[in-house]
Each structure stands twice: as C-alpha cells, then as structure tokens.
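S.K.: Going by the working numbering, the residue at position 65 of the sequence shown is 75; the numbering climbs one at a time, nothing skipped.
Beta carbons are placed, not taken as given, at the ideal position from N, Cα and C, and that holds for glycine.
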Amino acid sequence: VQLQASGGGWVQPGGSLRLSCAASRSISSFAGMGWYRQAPGKKREFVLFVTADGNINYAASVKGRFSISRDNAKNTISLQMTSLKPEDTAVYYCHAVGYSGESSWGQGTQVTVSS
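Next up, the structure:
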C-alpha cells in the first residue's frame, strides 16, 4: 500500500495546520491509521492513532490540540493541528496498520513552527 502525506509547511506559534494522508486503497481495509513525527536528532515518536471502530489514542503532548478525521470516500485521513508550538516542529509520517499486523509508512511531510 502507498501512503501519500501532504499539507506540511511553516506556521507561527499558536497557528494551525492540517495534514492529509491519502492511501492507495480503501482505508476501511486497515485496522487503524495514525501519525508519528520525528524531530531533528530525536527518535520517531507516536502522535495519535485512530482504529477502524473510531477509537483514538493521543500522545499526551498533543491531546487537546490535535485531532484526526477519516474520509472513507477519499481514502484519506487528516490531522488537524492547532495551538502549534515550536516543539511540534518535526517531519510527520502517516502510518497504517493492517489486520494482519502489517505496517505501512508514508514519505513524511515537514512541519515547522517558528516565529
């Protein structure tokens, strides 16, 4: 499966940004999808994940600021980020997990939060 992430860019602290991840097949075929991020010099870290039945898990650092939505018709998930902070600066990766446990990753999109 191919995952195409888009929507990254530069934003000032306190601003908002929306990322999208388009899958090459129906997102209903996945057990869940979500986002990870990797800041310079740091390990890739979990951001949030939504299961096929709609349960969402958030990293503590983004809870209340980030949300995720699914568009089954467009085979797309979106990450809405608000109240962005400089520490949110990272490359954001879309992630999908199949029902057999197979894992797929998108190519990453850069988000930069600075004044």
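Check Asp-63 in the structure and name its three-state DSSP category.
M.R.: It is coil, neither helix nor strand.
S.K.: What's the C-alpha gap between Phe-56 and Trp-45?
M.R.: So the two alpha carbons sit approximately 7 Å from each other.
S.K.: Which residues in the same chain have their Cβ closer than 6 Å to the Cβ of Gln-12, if we skip the five residues on either side of it in sequence?
M.R.: These residues qualify, in order along the chain: Ser-34.
S.K.: Flag this pair as touching only if the stretch 18–27 and the stretch 84–96 have three or more C-beta atom pairs under 8 Å; answer yes or no.
M.R.: Verdict: yes, contact present.
S.K.: So what's Ala-83 in DSSP terms, helix, strand or just coil?
M.R.: If DSSP states are grouped into helix, strand and coil, Ala-83 belongs with the helices.
S.K.: Tell me the DSSP secondary structure of Glu-55 in three-state form.
M.R.: Three-state DSSP puts Glu-55 in a strand.
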